[in-house]
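Undergrad:
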Amino acid sequence: MDRARIEAFLDRFIDFAAGATTIGLLAVADRSGLSRHLGEVGGGTIEDLAEGAGLQSRYVQEILSGLAAAGVVDYDPGTRRFDLPAEHALFTSDESSPYFMGGFFDVLPAFLGQIDGVANATIHGGGVVFEQFGEAVVRGISRSHSPSQRTFLLSRWLPAIPDAVPRLQSGIRVADVGCGSGTVAILIASAFPKSRVIGYDVSSRSIATARDGSMTLPNVDFEERGVEDLPLDPPFDLITTFDVIHDLTDPLGGMRRIKDALAEGGQYLMMEPNASSRLEDNLSPRGAMLYGTSTLHCLTQSLAGGGTGLGAAWGRQRAEEMAAEAGFGSFQPLVEISNKFSSFYLLTR
Ligand SMILES: C[S@@+](CC[C@H](N)C(=O)[O-])C[C@H]1O[C@@H](n2cnc3c(N)ncnc32)[C@H](O)[C@@H]1O
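Take the sequence shown: its letters are residues 4 to 352, numbered as in this note's numbering.
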């Protein structure tokens, strides 16, 4: 036995546990309103912050102590103040920031809540169905994706697709498949009133949320319908999927259906987790997070439906192969708009 290796792994293990408990503390701070209050006032003593946020001071003390130990907030022993740096507030408190991580505070506890089901499926097969993860996952997915969609969809992502913006301005048919709470469809419909946008999703909870958010817009509809039943006639000029393909029971079949539903010259924008198809390229904390969230949610809900279980880390190379298998004429990674979390691909018929 290598003693140094044992000690080093002990430190790594403390990091794992600290990561999990810090997400737990941030989830409590998020749901109790402490993070929002800290974002508004910047900081204070335990007493100031408990009173200002209307919370129990003993809890506030323990939560902030943990967050100080984790480096989320700064602590000054002289003044006994806890301060949230403005740069960190982007992640914890500012729901409009593209760095906002509030979605994790909903989805990670909900994923961990299904460990028994995932373990059972690991032994016997099958999986945990999407709806079993509950309301927190629909809310969390929306809170994870919507801030960056609101910041970048119209300003960067759509302009990266050749001719898409003028075509949207003149009026085309658009589908957002696996639309979740509908942010993308609503943004496109609001910005391009001559275009008609339809959001499709199999989750009734998601479709209900999307309809609530789009009441006054005449050019957007939401339908509870899976990609496998995507209407073919009339065809769509632009189809988008944001973090959907790897969740599907039949990803290749879904991609084929999208290709068949595209008009001649139609474009398909696919956003998927940024990963390589080769495990050896993904051996990093980001890879650990991706395989972890995949096992606890993406993979299991695909296998629950008897699916192929592509997994969230299926990666660029596999995406390109499957695009060819599905019959797309071209596959182009849009590296200029890809980021640490997500890769964008443009596919055409
Ligand atoms: C990770 S969420 C992404 C939601 C949304 N696109 C966003 O950016 O927030 C994946 C979505 O795919 C939906 N989905 C799963 N299987 C589907 C299918 N066969 N057809 C259409 N949507 C599906 C889920 O219900 C879920 O809303």
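C-beta: ideal position from N, C-alpha, C; glycine also.
All values derive from a computational prediction rather than experimental measurement.
Would you check if the stretch 60-79 and the stretch 119-138 touch, i.e. whether three or more CB-CB distances between them fall below 8 Å?
TA: no
Undergrad: Classify L293: buried if its beta carbon has 16 or more other beta carbons within 10 angstroms, exposed otherwise.
TA: Buried, because 16 or more other Cβ atoms sit within 10 Å of the Cβ of L293.
Undergrad: I need the DSSP call for S78, collapsed to helix, strand or coil.
TA: One point to set straight first is that residue 78 is Tyr, not Ser, in the sequence displayed. Note: Y78 maps to strand in three-state DSSP.
Undergrad: Check each candidate in F225, L220 and Q172 and name the one with the smallest Cα separation from S184.
TA: F225
Undergrad: Just curious, the beta strand (DSSP E) that M359 is in, first and last residue?
TA: Since the first and last residues shown for the chain are 4 and 352, residue 359 lies out of range.
Undergrad: What residue range does the beta strand (DSSP E) around R199 cover?
TA: R199 to D204 is the extent of the beta strand (DSSP E) around R199.
Undergrad: Who pairs with A242 in a beta bridge, going by DSSP?
TA: In the sequence under discussion, the amino acid at residue 242 is Ile, which differs from the Ala named in the question. DSSP lists A178 and Y271 as the bridge partner or partners of I242.
Undergrad: Check this for me: beta carbons of S346 and R319, under 8 Å apart or not?
TA: yes
Undergrad: Report buried or exposed for G309, applying the criterion of at least 16 other Cβ atoms within 10 angstroms of its Cβ.
TA: exposed
Undergrad: Do the CB positions of A266 and P238 come within less than 8 Å of each other?
TA: Contact: yes.
Undergrad: Apart from the five residues on each side of it in sequence, which residues of its chain come closer than 8 Å, Cβ to Cβ, to I66?
TA: L28, V31, A32 and L37
Undergrad: Three-state secondary structure (DSSP) at P196?
TA: DSSP places P196 in coil when its eight states are reduced to three.
Undergrad: Pull up the distance between the alpha-carbon of D61 and that of S217, whole angstroms please.
TA: Residue 61 is actually Arg in this sequence, not Asp. Answer to the nearest angstrom: the Cα atoms are 42 Å apart.
Undergrad: Under 7 Å from any heavy atom of ligand 1, does the C-beta of I340 make it?
TA: no
Undergrad: Under DSSP, the alpha helix (DSSP H) around Q304 begins and ends at which residues?
TA: L302 to A307
Undergrad: On a CA-only basis, which of S151, L87 and E43 is nearest M274? Give me that one, please.
TA: S151
Undergrad: Buried or exposed for A92, please, with buried defined as at least 16 other CB atoms from any protein chain shown within 10 angstroms of its CB.
TA: Residue burial is scored here from C-beta neighbours: A92 has at least 16 other C-beta atoms within 10 angstroms and is therefore classed as buried.
Undergrad: Go through its chain and collect everything with a Cβ distance to G244's Cβ below 6 Å, but skip five positions before and after it.
TA: Here the sequence assigns Thr to residue 244, which means Gly is not the residue at that position. Only V180, G181 and M273 meet the Cβ criterion.
Undergrad: Would you tell me roughly how many angstroms separate the C-alpha atoms of E138 and R208, rounded to the nearest one?
TA: 8 Å
Undergrad: Does the distance from the C-beta atom of F114 to that of L299 stay below 8 Å?
TA: yes
Undergrad: Taking the Cβ atom as the reference point for each residue, do G229 and A213 lie within a distance shorter than 8 Å?
TA: no
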